[in-house]
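Contents: one structure, followed by commentary.
Structure representation (structure tokens):
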């Protein structure tokens with residue numbers, strides 16, 4: 004195996020009740036990447052198509068994640084006999100700053116692909132650890148709630164970040180996500196600054212009741228319970244103010260039959276979940292109309308939940 | 004059916020990560036109650052053995068819960084043809100103020116028994132609603148996290164209190180609880196006063212990650228994950244200060260192989276969970292020694308998780 008081409012999916016993090024812990028993997032939105040073995044040691048980004056991103060490996064999220072993997076290999080000589088390095092080509096579709104895991108796709112994609120080329124010396128959990136280094140470069144903190152679903156697929160829960168512990172949750176088979184991405188920029192600093200350091204205990208109780216209910220709903224295939232649990236008393240009231248038309252979007256989505264609606268990651272993308280593709284597509288149409296009327300350009304996507312995570316397109 | 008004798012079980016509420024939402028039902032600790040039909044309308048408490056509690060129905064938790072049920076019957080004539088009232092005998096074993104659901108057992112027992120005598124006009128959820136009225140009398144607030152496991156059995160999650168929504172979670176078959184009840188009094192006002200109104204967001208995140216993990220562990224029969232999730236960053240640091248020897252108890256329990264250890268309800272009882280009865284019994288012995296050395300009297304119990312809830316002992 005000399006070269007691998009992969010699909011690196013977009014992801015939703017901060018799913019309503021599950022701020023910082025619950026994420027899921029998407030299917031129809033994502034980047035493509037080609038990673039190939041190279042006689043030259045180290046990581047070389049040889050091509051970036053679609054977005055203007057840095058080529059220096061130690062300044063590129065895919066590069067940084069890949070370098071973390073190589074570091075681990077260097078200190079564990081028994082893991083592989085391979086002596087060369089890797090070239091990375093990135094065909095970017097997910098816009099950075101969209102809130103659907105653009106940096107996570109690149110970081111997770113790079114380490115997944117290298118692991119495949121080396122005949123899988125690392126576990127999925129270890130790949131998440133490497134990919135978090137990319138997230139640290141992109142977000143300033145090694146968040147795991149996008150890279151976890153990108154690598155594990157389906158719904159994931161980050162139970163602990165130190166030590167890292169990821170739970171792979173079941174997925175409902177008729178569950179579809181609609182994503183609407185208004186083409187506005189929210190600065191990371193702003194989306195952090197609006198969050199309070201402290202929250203009312205009574206809101207915390209409602210939030211963790213809903214996280215428990217969300218996990219139970221996935222296990223029992225209970226769409227109604229899933230819908231009831233998709234509430235956010237903590238973060239949404241603050242961050243939604245940064246997203247124009249959020250309240251209208253949410254009201255419309257729920258009126259059209261969405262199970263829930265919330266901010267994807269730290270925004271500005273908004274996600275909704277629906278039972279069945281039909282409702283998901285109707286919602287996509289209705290929501291994009293709302294932005295059309297306000298002259299804010301928006302992109303919209305409908306996707307099944309991707310239970311596989313990163314996908315191999317071809318191998319040479 | 005004229006008379007029914009039941010076992011009304013003790014319960015653990017506020018299970019570690021699940022303050023105000025997670026509870027479970029015990030098997031070997033509980034009250035007995037006899038409830039019989041009487042030609043006289045209304046509720047009459049005719050006997051209370053074991054504790055000194057009020058006989059006036061509207062001042063007794065079992066009486067108040069039963070009256071709430073009768074009120075609902077009075078406004079829904081189609082539910083039953085029965086025109087009489089009920090006599091209640093209470094054989095109390097669970098000490099009020101113990102933290103293992105003494106008032107909940109009485110309230111839940113009364114409404115469960117009357118519902119049986121009337122051929123079950125009400126659902127379990129409705130019974131929890133009635134029983135909450137008893138809790139309101141006992142605790143000043145209509146808490147549901149003890150009456151829910153008493154009526155549903157096993158582990159329950161109170162997703163919402165208005166409207167009331169209870170989830171019945173799966174139970175691990177080898178799971179045993181050890182309860183140690185130091186014979187001290189903690190005033191409800193004190194156990195409330197130590198709780199902060201606001202909690203750090205970062206602690207909230209850890210707490211809801213653990214609630215999600217706890218529910219996932221029950222579904223996947225993962226004892227290790229259950230153990231990892233049995234943490235309380237919010238309430239225990241405050242309330243444990245009111246319980247002498249708490250830190251020593253917890254340290255000893257975990258050293259002896261407990262999966263987790265926390266405050267039952269608002270204390271002073273402390274619970275531990277173990278895999279298998281043997282560890283649960285060893286822990287029971289070790290913990291009671293700790294209190295013996297401090298001259299605080301303590302009661303201790305070992306119980307399987309009771310998946311049935313209230314049990315019918317006999318029917319006439």
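Protein chains in written order, with this note's numbering: chain A, 4 to 319; chain B, 4 to 319.
Ideal Cβ positions, reconstructed from N, Cα and C, are used throughout, including at glycine.
Predicted model, so just to flag it, every value in this text is computed and none were measured.
Here residue 54 of chain A has 95 as same chain residues with Cβ atoms under 6 angstroms from its own Cβ, once five neighbours each way along the sequence are excluded. For residue 198 of chain A, a Cβ of chain B is located within less than 8 angstroms of the residue's own Cβ. Out of B:206, B:284, B:161 and B:115, the CA that lies nearest to the CA of residue 178 of chain B is found in B:284. Identification of residues in the segment 144-170 of chain B having a C-beta nearer than 8 angstroms to some C-beta of chain A yields 160, 161, 162, 163, 168 and 170, given in sequence order.
By the Cβ rule, the segment 303-315 of chain A counts as touching the segment 21-34 of chain A, because three or more pairs are nearer than 8 angstroms.
Annotation: residue 30 of chain B is outside any alpha helix (DSSP H); the continuous beta strand (DSSP E) that includes it extends over 25-41.
Taking C-beta separations shorter than 6 angstroms and ignoring five residues to either side along the sequence, the partners of residue 209 of chain B in its chain run 236, following chain order.
In the structure shown, residue 196 of chain A falls within a helical segment according to DSSP collapsed to helix, strand and coil. Each residue's CA atom was taken as its position, placing residue 102 of chain A and residue 110 of chain A some 15 angstroms apart. At the C-beta level, residue 301 of chain B and residue 184 of chain B come within 8 angstroms of one another. Among the residues of chain A, none has a CB under 7 angstroms from the CB of residue 87 of chain B; the nearest is roughly 39 angstroms distant. Residues of the segment 184-214 of chain A with a Cβ closer than 9 angstroms to any Cβ of chain B, in chain order: 198, 199, 200, 201, 202, 203, 204, 205, 206, 207, 208, 209, 210, 211, 212, 213 and 214.
Assignment of beta-bridge partners to residue 10 of chain A by DSSP yields A:35 and A:314. According to DSSP, residue pairing for residue 90 of chain A in a beta bridge involves A:39 and A:47. Contact fails between the segment 146-162 of chain B and the segment 82-96 of chain B, because fewer than three Cβ pairs, one in each stretch, are under 8 angstroms apart. Between the alpha carbons of residue 294 of chain A and residue 248 of chain A lies a gap of roughly 8 angstroms.
Contact annotation: the segment 49-63 of chain B does not touch the segment 115-135 of chain B, with fewer than three C-beta pairs closer than 8 angstroms. From the listed residues B:123, B:39, B:100 and B:93, the smallest Cα separation to residue 76 of chain B is found for B:123.
In this structure, the straight-line span from the alpha carbon of residue 225 of chain A to that of residue 207 of chain A is close to 23 angstroms. Under the Cβ criterion (8 angstroms, minimum of three pairs), the segment 239-254 of chain A does not count as touching the segment 210-220 of chain A. For residue 66 of chain B, the uninterrupted alpha helix (DSSP H) segment begins and ends at 64-77.
Contacts between residue 33 of chain B and chain A, judged by CB atoms closer than 8 angstroms, are missing: the closest CB pair is about 26 angstroms apart.
Taking the C-beta atoms as reference points, residue 200 of chain A is found no nearer than 8 angstroms to residue 24 of chain A. Not a single C-beta of chain B is nearer than 8 angstroms to the C-beta of residue 241 of chain A. Taking 8 angstroms as the upper bound on Cβ-Cβ separation, chain A lies near residues 20, 21, 22, 23, 24 and 25 of the segment 8-25 of chain B.
Setting aside the 5 residues that flank it on each side, residue 41 of chain B is surrounded in the same chain by 47, 87, 88, 89 and 90, each with a C-beta closer than 8 angstroms to its C-beta; the list follows chain order. For the 8 angstroms CB-CB criterion, residue 182 of chain A and residue 267 of chain A form a contact. Residue 50 of chain A has its alpha-carbon roughly 13 angstroms from the corresponding atom of residue 34 of chain A. At least 8 angstroms separates the beta-carbon of residue 315 of chain A from that of residue 37 of chain A. For the segment 280-301 of chain B, no residue has a beta-carbon sitting nearer than 9 angstroms to a beta-carbon of chain A. Relative to the Cα of residue 234 of chain A, the nearest Cα in the group A:22, A:5, A:132 and A:43 belongs to A:22. By the Cβ neighbour-count rule, residue 271 of chain B is buried, with 16 or more other Cβ atoms within 10 Å of its own. Within the same chain, 54, 105 and 106 come within 7 angstroms of residue 99 of chain A by CB-CB distance, once the 5 residues on both sides are set aside.
Contact with chain A is found for residue 172 of chain B, since one of that chain's Cβ atoms lies less than 8 angstroms from the residue's Cβ. Within the segment 191-242 of chain A, complete alpha helix (DSSP H) segments of at least 4 residues are found at 191-196, 204-223, 226-232 and 239-242, given in chain order.
Annotation: Cβ neighbours of residue 216 of chain B in chain A (cutoff 7 angstroms, chain order): 160, 162 and 170.
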